[in-house]
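Asker: Structure in structure tokens, see below.
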Amino acid sequence: MALKRQVGLKQGLRYKGGGPMLVWVLHRISGIGIALFVGLHILASLTSQLYGWEIAKSINILYESSVFQMVVFFCALFHAINGLRITILDLWPKLIEHQREAIWVEWAVFIPLFSLAVVVIVTTAGG
Amino acid sequence: MEKTKAKSLPLSKRGLNFEMLMWIFTRLSALAMYALILFAILGALVMGARYQMNMADIMRWGFMPNSPHVVNTDVPDIAPWMTPFWKLTAIALLLVAVAHGIHGLVVVADDYIVSHRGRQIVRVISILLVLLFFLTGAYVIWTA
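Same order as they appear, the protein sequences are chains A and B.
Just so we're aligned: the first sequence equals residues 1196 to 1322 in our numbering.
Just so we're aligned: the second sequence equals residues 72 to 215 in our numbering.
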């Protein structure tokens, strides 16, 4: 258990992990983002439902804004698509040879879907 | 490329421990969530959400088909969302998502907290968080 990490933040940022590292970082950030959003949303819903707190209602109204929708949808969609790639590669280990190609496929699926969602959000979201 | 011999143990000698089970749980719960979200969106379309959908509505119905999510939308009738069937579906998605998410946070924390004691504390906190979010979420869904 005695692990020591000698890598600082600056060195870590200069590490050239390329595509696989980018999706690893994004998977981690989007996962934390979803956990924060869902946790806050559950607690806000509970307090607004039980006590009718105004602050909880205003937190839930914040989610209607277009920027918030884009961020949440980016996190959810990226986490879902990257998670599907991880699941497929892990459950069929022979495919791991093609993991770089899998990441290209992943972006080819993610970018059109997310662009479409951004268009829908911009044209329909209120604020 | 040079072929190197695999250093990992064969599957029969590896045994099963909790972390291994959680590793497979993460993958299987991901598959379960795809299925539940697809089911929820299809159910929302059947229950009258076909008209004037926007992205926020699709996300609401996809992630949790419960009645507070419908009140803010243009759907006139929220009664179909109030049935025990859809409440149980939403609670099932909540249970899987909370377990998957909190376990993910533990995995992230393990990368930065390396002492045995620290990891134990992380695990105790994670169990409490699972209970907190599952119980409050299930309460919100059931009494909505």
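C-beta atoms are modelled at their ideal positions from N, C-alpha and C, and glycine is treated no differently.
Predicted, not measured: the structure shown is a model, and the values here were computed from it.
1. Could you tell me how far apart the beta carbons of Ala-103(B) and Val-185(B) are, in whole angstroms, since I believe they sit closer than 8 Å?
2. Consider the Cβ of Met-118(B): report whether some Cβ of chain A lies at a distance smaller than 7 Å.
3. Are the segment 1249-1260 of chain A and the segment 103-114 of chain B touching by the rule of at least three beta carbon pairs closer than 8 Å?
4. Using a Cβ-Cβ distance under 7 Å, would Thr-219(B) count as near chain A?
5. Candidates Gly-208(B), Trp-213(B), Thr-214(B) and Ala-215(B): which alpha carbon is nearest Val-1233(A)'s?
6. What is the rounded straight-line gap between the Cα of Phe-96(B) and the Cα of Arg-194(B)?
7. When the cut-off is 7 Å and only beta carbons count, does Asn-125(B) lie next to chain A?
8. Closer than 8 Å, Cβ to any Cβ of chain B: which residues of the segment 1225-1243 of chain A, in chain order?
9. Pull up the distance between the alpha-carbon of Gly-1322(A) and that of Val-1262(A), whole angstroms please.
10. Is Val-211(B) close to chain A? Criterion is C-beta to C-beta, closer than 7 Å.
11. Less than 7 Å between the beta carbons of Arg-85(B) and Thr-1282(A), yes or no?
12. Provide the residue span of the alpha helix (DSSP H) that contains Val-177(B), from first to last.
13. Within the chosen definition, does the segment 1219-1230 of chain A reach the segment 1262-1275 of chain A through at least 3 CB pairs nearer than 8 Å?
14. Quick check on this structure: which residue in His-174(B), Asp-181(B) and Tyr-210(B) has the alpha carbon closest to the alpha carbon of Leu-199(B)?
15. May I ask which residues mark the beginning and end of the alpha helix (DSSP H) holding Asp-152(B)?
Answerer: Well, looking at it:
1. In fact, because the Cβ distance is near 31 Å, the residues do not count as touching under 8 Å.
2. no
3. no
4. Outside the modelled stretch of chain B, which goes from 72 to 215, sits residue 219(B), for which no answer is possible.
5. Gly-208(B)
6. 16 Å
7. yes
8. Gly-1226, Ile-1227, Ile-1229, Ala-1230, Val-1233, Gly-1234, Ile-1237, Leu-1238, Ser-1240 and Leu-1241
9. For Gly-1322(A), the predicted model reports a pLDDT of 48, less than 50, meaning its position is unreliable and no value from the coordinates is stated.
10. yes
11. no
12. 155-183
13. yes
14. His-174(B)
15. Checking the displayed sequence, the identity of residue 152(B) turns out to be Trp instead of Asp. Taken as a continuous stretch (DSSP letters only), Trp-152(B) belongs to no alpha helix (DSSP H), as it is neither H nor E.
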